[in-house]
Amino acid sequence: MKVSDKVQVLRGVGDVFADKLRAMGIDTLSDLLDYFPREYNDYSQIDPIDSVEPGMVTIEATISDVKGRYVRRGLHITEASAHDKTGSLRVVWFNQPYRAKSIQPGQAYYLSGDFQLRRQRFSLQNPIIEQVSDTTVHTARIVPVYRESRGITSVQIRKLIDQCQSLIKTSLETLPQSVLQATALSPRAEALQQIHFPDSSKQLQEARHRFGFEEVFQLTLASLLNKYELMQDTAVSVPFESSVAQSIVQNLPFDLTEDQRKSAWRIYQDMQKTQPMNRLLEGDVGSGKTVVAAMATAMAIKHGFQVALMAPTEILARQHEVTMRSLLAPLGMDKQIGLLTGSLSTKQKKQLHQQITDNQLHCIIGTHALISDAVTMHNLGLVIVDEQHRFGVEQRHKLQKTVGYMPHVLHMTATPIPRSLALTLYGELDISVLAQKPAGRKPVETTIHSPNSRAQLYTEVEQGLREGRQLFVVCPLIEDSEMLKAQSATEVYKRLKQKDLKSWRIGLLHGKLSQEQKTAVMQEFLEHKLDVLVSTTVIEVGVDVPNATMMIIESADRFGLAQIHQLRGRVGRSEQQSYCYLVLSDSKRPSRRIRAVADMSDGFRLAELDLELRGPGAIYGTYQHGALDLRVASLTDTELIASARNAAQDFIDSGQDLLQYEHLYSRVQSLRSVTNLQ
Ligand code: ADP
Ligand code: MG
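Position 488, counted from 1, in the sequence shown is what numbering that gives the first Met the number 0 calls 487; the numbers after and before it change by one each time, with no gaps.
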């Protein structure tokens, strides 16, 4: 057996099974060994029967009086009695009619399961059972639990990995020797053994530590290499001219926050350099990133450069156009802004391109489709990427090819990324944070509601509607689904229109509408031709309707904390008090997560809590991207992160050739091409 072999070499794996495994990302034995447990059940302690207590237990016993019967249609029960020297207890399996046959009287077994009271009798329920030996797989040890999917169970995966024992023992080291020596980490073979077959919780911790270190080490190497490569590129220097910045700031109806001032200053400094800027401007919703972007834009235009601003949706692109025009008007630059969207006709597009070529337009705002049109921007000095998470190395290179040099890049995001995560994942970016809220903003008052109390809720929002305010109603689904018990936008829209809010003007917005339909609905809401907008999360980012001060989030428990916080950021954009009503999908007690989002208005703290409760994959969708799958590293383990980052820096400084480490090299290459903002 070799690690590069396909999973079919294993006993019991046919083509159908192999297809299912492939769908989970497991194609070769190497993939299988890299499929780490999601969690562990500690069945290592074996209790004498007379001292077992309710809960998860493991016993060593012989089994007698095994009887199976159907209690009623669809419910089969196997009952048995288990004994050891100290006593006996009752064992029950539900719907496992094969059990009776597989148990041999007189044979010693380990049984691990839940010992609990049921119909006034204590019994061991649905225990896992395995013959006593030194090399048990499913019981009498710390048992790994693997993530299940597509008809593949954790037990099946455990059995497959068990067949790879010899491979594990001979698996090759993947960290450079210099790193291993400097850090006292477990060698890979040992760590792999312990991650799948832990001998003790201490050894398991050591194994997890080693793999966590390796993940952060690789990620840091990738981002450092990207950063160094970027530093080799040349950009155009955009000189700083204080009068340009002044004209914008002096014409604002408000003062800049200290953070806005600082960020703008850093950006101006970056843009003066002949090395390309690669900065992330991170600021909670409503923190005022657009003004900062406008300040950067004005400076570039003033010195004869073009600017491209990319937004994730057409609605946002339109909104940016309006905002930028008004911000740049004092400099007379409002006429130099063009909007390039998918809904333009070929003729209109041609005309726009001509204006760019003729140097009449200096700032082009559009959706990401814009990037392929950047070809005509011969003089592009600055690219601003708003809430668009797919702008990485590849996109930059594409630009460099067409423009001839590397433009400065400013990324903007409202996703609060905890510092530990930002350093690890986005190490190649310089980061500026807008932590302060503009003055006069009141936190959005957030309350939790049971679905039974909707009537009362509608009475309350109608009061707001009568005062001339507007309401968002956000739902997790577009249409009703049999699978999920959650409110759908279409159904809620119908209900509100026919019944609950029937005297108000209601619109519906979701991702299945065409671009024109979406834009039209949004426009109506903006112009207050609609009082209520029922929508899916398409309104999540950026939309600015200051008069909308109320938001109902249906089935709020279906959303992540960071996501609810983002959604809630659509209200609270004026000096009016705003309200967010979280309606649960059932009348159970609200979870700790939901209570946290109602109590806290700090997006960073919520993101940290979400990270703690659900892990990075769940929040940042990194799991789907595979390459950025932080399976082991705990992002709250600052010591681990610091030492792995230092090791990566040392490795680069030592001048060793990465090519000599085949595995590390290919891993780092794939991480490098993963976009720097997920
Ligand atoms: P975001 O960071 O979410 O993109 P925006 O740039 O859209 O935020 O700003 C949100 C609103 O706050 C806008 O209406 C903007 O004019 C306003 N704003 C920006 N900066 C300030 C400030 N320093 N003081 C008061 N209001 C501000
Ligand atoms: Mg914005």
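Glycine is no exception: its CB is placed at the ideal position from the N, C-alpha and C atoms. Quick caveat: nothing in here was measured; it's all calculated off a predicted structure.
For the alpha helix (DSSP H) containing residue i, name the first residue and the last one.
| i | result |
| --- | --- |
| N645 | T637 to D652 |
| E213 | S200 to Q231 |
| D598 | R591 to D598 |
| Q268 | E257 to Q271 |
| D30 | L28 to L32 |
| Y145 | Looking at the DSSP string, Y145 is not in any alpha helix (DSSP H), and its letter there is neither H nor E. |
| D18 | D14 to A22 |
| V491 | A488 to R494 |
| T322 | E313 to L327 |
| R666 | E661 to S672 |
Is residue j closer than 8 Å to residue i when the C-beta atoms are compared?
| i | j | result |
| --- | --- | --- |
| I62 | Y109 | no |
| C163 | L28 | yes |
| A597 | P415 | no |
| G287 | T322 | no |
| T518 | E313 | yes |
| P450 | S534 | no |
| V90 | A81 | yes |
| F524 | G506 | yes |
| Q271 | S236 | yes |
| L326 | V290 | yes |
| A297 | L308 | no |
| A181 | Q193 | no |
| S554 | Q486 | yes |
| E38 | V144 | yes |
| I430 | L581 | no |
| P197 | I141 | yes |
| V473 | I552 | yes |
| P53 | L116 | yes |
| S111 | T138 | yes |
| D556 | S600 | no |
| D232 | M405 | yes |
| I48 | L74 | no |
| V248 | I640 | no |
What's the C-alpha gap between residue i and residue j?
| i | j | result |
| --- | --- | --- |
| K587 | Q435 | 36 Å |
| S669 | G67 | 54 Å |
| S222 | L610 | 21 Å |
| N225 | E574 | 43 Å |
| L657 | V384 | 32 Å |
| T77 | K5 | 38 Å |
| V131 | I447 | 52 Å |
| N378 | A316 | 21 Å |
| H352 | Q305 | 13 Å |
| I336 | A421 | 33 Å |
| T674 | S3 | Low per-residue confidence applies at T674: pLDDT is 44, beneath 50, and the placement is therefore not dependable enough to give any value. |
| F16 | V70 | 34 Å |
| Q155 | M55 | 21 Å |
| S262 | K346 | 39 Å |
| V402 | A547 | 41 Å |
| Q399 | P186 | 42 Å |
| L9 | K158 | 10 Å |
| S363 | A234 | The question names Ser, yet the displayed sequence has Ile at residue 363. Approximately 19 Å, taken between the alpha carbons. |
| G282 | G11 | 52 Å |
| S50 | I58 | 10 Å |
| W503 | R465 | 10 Å |
| K498 | V531 | 14 Å |
| K501 | V491 | 12 Å |
| G13 | L203 | 32 Å |
I'd like the span of the beta strand (DSSP E) that includes residue i, first residue to last.
| i | result |
| --- | --- |
| W92 | G86 to F93 |
| R278 | N277 to G282 |
| K66 | G54 to R71 |
| V384 | L379 to D385 |
| H564 | Looking at the DSSP string, H564 is not in any beta strand (DSSP E); the run it does join, the alpha helix (DSSP H), is L560 to R567. |
| S431 | D429 to L433 |
Which whole-angstrom value is the C-beta distance of residue i and residue j, which I expect to be below 8 Å?
| i | j | result |
| --- | --- | --- |
| M521 | R468 | At roughly 17 Å, the Cβ-Cβ gap does not stay under 8 Å, so M521 and R468 are not in contact. |
| S170 | L191 | 6 Å |
| G105 | K19 | Between K19 and G105 the Cβ distance is about 38 Å, and since that is not below 8 Å, they are no contact. |
| H407 | P238 | Incorrect: roughly 13 Å between the Cβ atoms, too far for contact. |
| V243 | K301 | 5 Å |
| R567 | V443 | 5 Å |
| H564 | G602 | 5 Å |
| G380 | A299 | 5 Å |
| T219 | G426 | 6 Å |
| L433 | I266 | With a Cβ gap of about 12 Å, L433 and I266 do not count as contacting. |
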